Amino acid sequence: MEYKVVPFTATLDQKKETTSVVANQLETLISNYTDEGWTYIRLESVSTYVQPDAGCFGIGAKPGYMASYQMIVFSRH
Numbered sequence: 094m095e096y097k098v099v100p101f102t103a104t105l106d107q108k109k110e111t112t113s114v115v116a117n118q119l120e121t122l123i124s125n126y127t128d129e130g131w132t133y134i135r136l137e138s139v140s141t142y143v144q145p146d147a148g149c150f151g152i153g154a155k156p157g158y159m160a161s162y163q164m165i166v167f168s169r170h
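Under this note's numbering, think of the first position of the sequence shown as 94, with each following residue one higher.
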C-alpha cells in the first residue's frame with residue numbers, strides 16, 4: 094500500500110465568509126486526489142516546535158513556539 098500526506102491550510106475571510114468555505118476547500122482537495130486514484134483516510138493535526146531565532150547579535154531575536162499543521166492522509170493500492 095502507498096500513502097500520501099498533503100498539507101491543508103484553509104483560508105477564510107471572517108467578515109465575508111462562513112466555515113462552509115473551508116469545508117468546500119477541503120472537499121475540493123479531497124476530490125482532486127480521489128480523481129487521481131487516491132483514497133481519503135483522515136485529517137491529522139501535527140504539532141512541532143519551531144526553534145528560536147537568535148537574530149543578528151541578538152537584534153530581532155524571536156522566541157521558539159509550538160505550531161500546529163493540518164495534514165490530509167490518502168492511500169492507494
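Note that CB positions come from ideal geometry on N, CA and C, so glycine has one too.
The structure presented is a predicted model; accordingly, all values stated were derived computationally and were not measured.
Could you tell me the boundaries of the alpha helix (DSSP H) in which E129 lies?
Taken as a continuous stretch (DSSP letters only), E129 belongs to no alpha helix (DSSP H), as it is neither H nor E.
Would you decide whether I165 is buried or exposed? Buried here means 16 or more other CB atoms lie within 10 Å of its CB.
buried
At 3 residues or longer, and completely inside the segment 103-148: list those beta strand (DSSP E) runs for me, N to C.
132-143
From the DSSP output, in three-state form, read off F150 for me.
coil
Taking all protein chains shown into account, do 16 or more other C-beta atoms lie within 10 angstroms of the C-beta of F150, making it buried, or fewer, making it exposed?
exposed
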